[in-house]
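Residue numbers (my numbering): 1 to 410. Yeah, the Cβ is synthetic: ideal placement off N, Cα and C, and Gly gets one too. Encoded as structure tokens, the structure appears first; notes follow it.
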Amino acid sequence: MLSVAEAAAKILDLTPLPTEVEPVPLDTALGRILAQAIPSPLDFPHWDNSAMDGYAVRYADVQGARADQPRSLTVIETIPAGRSPTRPVGPGQAARILTGSMLPAGADTVVMQEVTQRSGDRVLVLAAPEPAQFVRHRGSYCRAGDPLMAPGLVIGGPELAVLASAQCSEVPVWPQPRVAILSAGDELVTPDRPLRPGQIVDSNQYALAALVRQAGAVPIPLGIVPDQPQALSAAVQSALAQADVIVSSGGVSVGDYDYVDEILADLGATLHMRSVAVKPGKPLTVATFAAESGHAPLYFGLPGNPVSALVTFWRFVAPALRKRSGRAAGWGPLFVPAVTHCDLKAGGQRETYLWGRLEMAADGYRFELAGGGHNSGNLINLAGTNALAVVPVGTKLVSAGETVQVMVVG
Ligand code: AMP
Ligand code: MG
1 MLSVAEAAAK ILDLTPLPTE VEPVPLDTAL GRILAQAIPS PLDFPHWDNS
51 AMDGYAVRYA DVQGARADQP RSLTVIETIP AGRSPTRPVG PGQAARILTG
101 SMLPAGADTV VMQEVTQRSG DRVLVLAAPE PAQFVRHRGS YCRAGDPLMA
151 PGLVIGGPEL AVLASAQCSE VPVWPQPRVA ILSAGDELVT PDRPLRPGQI
201 VDSNQYALAA LVRQAGAVPI PLGIVPDQPQ ALSAAVQSAL AQADVIVSSG
251 GVSVGDYDYV DEILADLGAT LHMRSVAVKP GKPLTVATFA AESGHAPLYF
301 GLPGNPVSAL VTFWRFVAPA LRKRSGRAAG WGPLFVPAVT HCDLKAGGQR
351 ETYLWGRLEM AADGYRFELA GGGHNSGNLI NLAGTNALAV VPVGTKLVSA
401 GETVQVMVVG
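Set out below in structure tokens:
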């Protein structure tokens with residue numbers, strides 16, 4: 001049985017990076033992953049401009065200005081934002097300028113209006129600026145041809161601002177991985193059905209589809225598959241035809257009706273692991289199929305218990321989806337140290353994940369264990385979970401007040 005760290009590393013090794021670039025319109029690029037470096041088509045700023053409302057001047061004219069020794073200049077024009085200056089500023093002259101306006105030829109410095117007094121076409125400068133003060137020089141942020149953004153970046157609001165400024169109306173992104181979701185089990189029904197004795201609702205289908213979407217991939221919900229080898233085989237083959245990654249839940253234990261591993265082997269998959277020393281979630285199957293036309297699907301057979309399915313998804317599947325999406329970094333889960341507010345108990349044999357809430361307090365992070373039973377069949381106390389405390393192998397108790405590593409999932 002692999003350790004959690006070994007399994008996680010192996011899964012990332014098995015996960016390919018995307019290769020084909022997809023161009024998308026700028027207004028649909030939110031959340032997508034940049035696939036190519038974007039070189040700047042322009043200098044930023046595009047021209048010398050003013051950082052203040054004030055007057056564009058020649059520094060030599062205002063050097064040494066003081067309230068009791070002001071310098072008097074002739075105002076030759078006003079340059080509003082969006083218009084070009086019409087005349088150069090000569091000795092003894094100034095141009096009224098507004099924030100973002102182009103600096104006129106001849107001027108090299110901006111005096112802010114708070115240290116001036118205007119009267120008709122004259123302006124008194126009452127304090128000396130620094131040379132070149134309040135001038136944003138052309139190309140000082142970035143030069144045409146410089147890289148603006150590197151591939152692998154997640155496109156959010158700030159990145160959209162940069163892309164728009166660079167007039168990048170079509171953005172090269174990686175295709176989102178398509179993830180088929182299957183729920184295996186004779187006892188499962190959809191939520192709209194009355195429950196007969198022994199039946200339960202297929203909650204994993206909904207939870208896993210949501211987590212797939214949150215990981216930046218596209219869920220393909222394929223529904224419930226009965227515990228029959230032929231039905232399962234047909235469902236896996238149909239999933240293979242439409243997805244890059246297949247996530248099934250249920251049917252991977254060693255029970256009489258657990259056929260997933262057998263079927264994967266029959267379909268020619270290579271099984272890389274069948275169990276991991278993690279609690280909840282010990283039975284975890286990871287398999288790969290041979291590449292067909294450049295596409296090598298990855299299979300995750302998660303345990304059926306609702307908590308086990310979510311914990312193994314967060315710990316093992318989500319990092320793989322982030323890599324498969326083309327992110328340059330940040331695949332693995334985020335762990336932060338937090339002080340636990342109550343005792344955390346574990347068996348000591350397997351790395352144990354206990355669900356609850358991570359809160360930010362004035363003195364750092366705190367972890368609050370969810371109330372109620374911490375067994376993998378109890379999904380009721382999962383609501384509100386944004387973090388999992390990790391109790392390492394060999395530890396049976398982390399006492400209240402001690403620091404524990406917490407995996408952020410919300
Ligand atoms: P299995 O991994 O198939 O042995 O299932 C373990 C437990 O998880 C059983 O109690 C199942 O009823 C439950 N289970 C399996 N699949 C699902 C599902 N899709 N949604 C909710 N519970 C499930
Ligand atoms: Mg089952």
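Examine the ligand AMP and report whether any of its heavy atoms sits within less than 6 Å of the Cβ of residue i.
| i | result |
| --- | --- |
| I155 | no |
| L302 | no |
| G384 | no |
| P229 | no |
| D202 | yes |
| N305 | yes |
| S376 | no |
| L232 | no |
| S275 | no |
| L17 | no |
| L12 | no |
| L188 | yes |
Taking C-alpha atoms, which residue in the options lies nearest to residue i?
| i | options | result |
| --- | --- | --- |
| A290 | N305, G268, H272 | G268 |
| Q63 | V162, P91, T312, D256 | P91 |
| A215 | P177, Q228, L188 | P177 |
| A164 | L148, R96, V179, P337 | L148 |
| T288 | I224, V236, A161, P131 | V236 |
| E187 | R196, I181, A180 | R196 |
| E170 | K282, L382, A29, K279 | A29 |
| W47 | M102, G31, A95, L14 | M102 |
| E6 | L208, A231, S275, Q133 | S275 |
| L2 | G82, R83, L369, L284 | L284 |
| G394 | I220, E159, K345 | K345 |
| V115 | D108, G106, A128 | A128 |
| T340 | M360, N381, T78 | M360 |
| Q113 | G54, A132, N49 | G54 |
| G372 | S253, Y365, R366, N381 | N381 |
| V173 | V179, I181, A180, L160 | L160 |
| F134 | A56, I79, A209 | A56 |
| G411 | G31, P18, A51 | Given that the chain is displayed from residue 1 to residue 410, the structure contains no residue 411 and the question cannot be resolved. |
| G82 | N49, V408, G384, V212 | N49 |
| Q199 | G364, G106, I224 | I224 |
| S399 | L354, C342, R366, Y365 | C342 |
| A132 | M52, L153, A239 | M52 |
What's the gap between the Cα of residue i and the Cα of residue j?
| i | j | result |
| --- | --- | --- |
| V201 | T190 | 6 Å |
| A362 | V404 | 18 Å |
| A277 | K396 | 15 Å |
| L98 | I33 | 38 Å |
| V406 | A338 | 6 Å |
| G255 | A184 | 13 Å |
| E230 | D266 | Reading the sequence as shown, one finds Gln at residue 230 and not Glu. The alpha-carbon atoms of Q230 and D266 are separated by roughly 11 Å. |
| H421 | D244 | Since the displayed the chain opens at 1 and closes at 410, residue 421 lies outside it and no answer follows. |
| N378 | T270 | 33 Å |
| D258 | H374 | 24 Å |
| R357 | E368 | 5 Å |
| G401 | R350 | 23 Å |
| E20 | K323 | 14 Å |
| V286 | H272 | 6 Å |
| D108 | D43 | 19 Å |
| Q93 | I76 | 7 Å |
| L222 | K282 | 24 Å |
| R417 | V110 | Since the displayed the chain opens at 1 and closes at 410, residue 417 lies outside it and no answer follows. |
| S308 | V162 | 41 Å |
| C168 | V4 | 42 Å |
| L310 | V218 | 17 Å |
| A180 | G410 | 23 Å |
| Q117 | P158 | 39 Å |
| F313 | D192 | 25 Å |
| V227 | L14 | Here residue 227 turns out to be Asp, not Val, going by the sequence shown. Rounded to the nearest angstrom, the two C-alpha atoms are 28 Å apart. |
Got a sec: does the ligand MG put a non-hydrogen atom nearer than 6 Å to the Cβ of residue i?
| i | result |
| --- | --- |
| G185 | yes |
| G198 | no |
Hey, is residue i close to the ligand GDP, as in C-beta under 6 Å from one of its heavy atoms?
| i | result |
| --- | --- |
| G251 | Here the bound small molecules are the ligand AMP and the ligand MG; the ligand GDP is not part of this structure. |
Taking only beta-carbon atoms, is residue i less than 7 Å away from chain D?
| i | result |
| --- | --- |
| G384 | Absence of chain D from the displayed structure is noted, only one protein chain being present. |
Q) Does the region 240-249 touch the region 302-310, meaning 3 or more C-beta pairs lie closer than 8 Å? A) yes
Q | Sufficient close CB pairs (3 or more, under 8 Å) joining the region 142-162 to the region 28-48 | A | yes
Q. At a cut of 8 Å, does the region 120-140 reach the region 314-322 through at least three beta carbon pairs?
A. no
Q. Would you call the region 327-344 and the region 18-31 in contact, with 3 or more CB pairs under 8 Å?
A. no
Q: Would you check if the region 114-127 and the region 81-89 touch, i.e. whether three or more CB-CB distances between them fall below 8 Å?
A: no
Q) Can you find at least 3 beta carbon pairs, one from the region 379-394 and one from the region 323-330, that sit closer than 8 Å? A) no
Q: Would you be able to state if there are at least three C-beta pairs under 8 Å between the region 47-62 and the region 6-16?
A: no
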